[in-house]
Amino acid sequence: MTIGLAHYLVVSAMLFALGLAGVIVRRNLLVIYMSLELMLNAANLTLVAFSRFTNNLDGQVFVFFVITVAAAEVSVGLALIVAVYRKRQTVHVEDLRTLKL
Amino acid sequence: MILSDILFYIFAFLTLIFGFLVIANPFSRSPVTSAMFLVLTIISLAGLFTLLHAFFLAAVQVLVYAGAVMVLFLFVIMLLDLKAEDRRRFKILAVIGGLTSAGAILLIFLRGLLNEPLGATNSPTLEGGTVALGKLLFTQYLLPFEIVSILLLVAMVGVVLLSKKDLK
Chain A
1 MTIGLAHYLV VSAMLFALGL AGVIVRRNLL VIYMSLELML NAANLTLVAF
51 SRFTNNLDGQ VFVFFVITVA AAEVSVGLAL IVAVYRKRQT VHVEDLRTLK
101 L
Chain B
1 MILSDILFYI FAFLTLIFGF LVIANPFSRS PVTSAMFLVL TIISLAGLFT
51 LLHAFFLAAV QVLVYAGAVM VLFLFVIMLL DLKAEDRRRF KILAVIGGLT
101 SAGAILLIFL RGLLNEPLGA TNSPTLEGGT VALGKLLFTQ YLLPFEIVSI
151 LLLVAMVGVV LLSKKDLK
């Protein structure tokens, strides 16, 4: 059986589920953030696979934009984590229980 | 079974194994280990992109994600002093809840995959080279391209503001 679209989609679904499990199970803000990146990459894989198997390049342009926005998002998110750490001396989600900094 | 099929299985296996080690490494709970395995996951994904003939995106994936983003992650990990953090136990409720929800969403995905016709061609001819992608990016997608550059500027200004010592 040759490798088709469904194979890539299964891999992508499993990677997304792994990322979701990581977001819920892990308690460290940085690792939660890395799990978010995993989910984003799973979505990228879906887009590239569909782009290839429907002969349409638009999906790849979209992935290009997703990667750019993800880079911006990571920089802002990490700056927020550093700001939180400066105030509270922790990045453990169970220690961050108040909304006020 | 041809070479690209074997390579697909190898890269898919590596991606999932490394992705699992990002979220649950049995030997180390340190964020640095997670970050390193995330780099390996991203490189395996770039291999999958190459198998899908998305050569430009594979290169961008390695450069931007494995290069820039992960360096940023490692800088922040080194900036924060996390020695006391990794001795804590997992909450059993969180583990059960996480595995249940992840399994549920995986089930939904796979059921949807089984029931829907995908509309895929069996003989794909698309090549995601730099020339084709660049042409599309600078003609049809010129406005989003420019807006993304503004977004990067906004992110830069925001990060500088957030990193100030006295955050008001």
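First to last, the protein sequences are chains A and B.
The first sequence begins at 1 in the numbering used here and counts up one residue at a time.
The second sequence begins at 1 in the numbering used here and counts up one residue at a time.
Built from N, CA and C at the ideal position, the CB exists for glycine as well.
Quantities reported herein were computed from a predicted structural model and do not represent experimental measurements.
Three-way DSSP call (helix, strand, coil) for residue i in this model
| i | result |
| --- | --- |
| B:ASN25 | coil |
| A:ASN28 | strand |
Terminal residues of the alpha helix (DSSP H) in which residue i lies
| i | result |
| --- | --- |
| B:GLY47 | 31-51 |
| B:GLY128 | First-last for B:GLY128: undefined, no H or E at that position. |
| A:ARG88 | 58-88 |
| B:VAL95 | 92-115 |
| B:LEU161 | 142-162 |
| A:ILE3 | No alpha helix (DSSP H) holds A:ILE3; DSSP gives it neither H nor E. |
| B:ILE77 | 70-79 |
| B:ALA58 | 55-60 |
Where residue i falls, given that 16 or more other Cβ within 10 Å makes a residue buried
| i | result |
| --- | --- |
| B:ASN115 | exposed |
| B:PRO31 | buried |
| B:TYR9 | exposed |
| B:ALA68 | exposed |
| A:THR68 | buried |
| A:ALA70 | buried |
| B:SER149 | exposed |
| B:SER28 | exposed |
| A:LEU99 | exposed |
| A:GLU37 | buried |
| A:MET34 | buried |
| B:VAL160 | exposed |
| A:VAL93 | exposed |
Sub-9 Å separation of residue i and residue j beta-carbons
| i | j | result |
| --- | --- | --- |
| A:PHE16 | B:LEU106 | yes |
| A:ILE60 | B:LEU57 | Looking at the sequence provided, one finds Gln at residue 60 of chain A rather than Ile. Contact: yes. |
| B:ILE12 | A:HIS7 | Here the sequence assigns Ala to residue 12 of chain B, which means Ile is not the residue at that position. The answer is yes: Cβ separation under 9 Å. |
| A:ALA79 | B:LEU93 | no |
| A:ILE24 | B:GLY98 | yes |
| B:PHE49 | A:VAL48 | yes |
| B:LEU38 | B:LEU14 | no |
| A:ARG52 | B:GLY128 | yes |
| A:GLY77 | B:ILE23 | no |
| A:LEU18 | B:ALA102 | yes |
| B:VAL60 | A:ALA72 | no |
| B:LEU110 | A:PHE64 | no |
| B:ASP5 | A:THR2 | yes |
For residue j and residue i, believed in contact at Cβ under 8 Å, the rounded distance
| i | j | result |
| --- | --- | --- |
| B:VAL62 | B:ALA46 | 5 Å |
| B:PHE214 | B:ALA35 | There is simply no residue 214 of chain B to check, as chain B begins at 1 and stops at 168 in what is shown. |
| A:MET39 | A:LEU9 | Not confirmed; about 15 Å, so no contact. |
| A:MET14 | B:LEU151 | With a Cβ gap of about 31 Å, A:MET14 and B:LEU151 do not count as contacting. |
| B:LEU136 | B:PHE145 | Incorrect: roughly 10 Å between the Cβ atoms, too far for contact. |
| A:THR46 | A:SER12 | 5 Å |
| A:ASN55 | B:THR125 | 6 Å |
| B:LEU79 | A:VAL82 | 6 Å |
| A:VAL5 | B:LEU118 | The displayed chain sequence assigns Leu, not Val, to residue 5 of chain A. Sure, about 5 Å apart at Cβ, within 8 Å. |
| B:SER44 | B:PHE18 | 6 Å |
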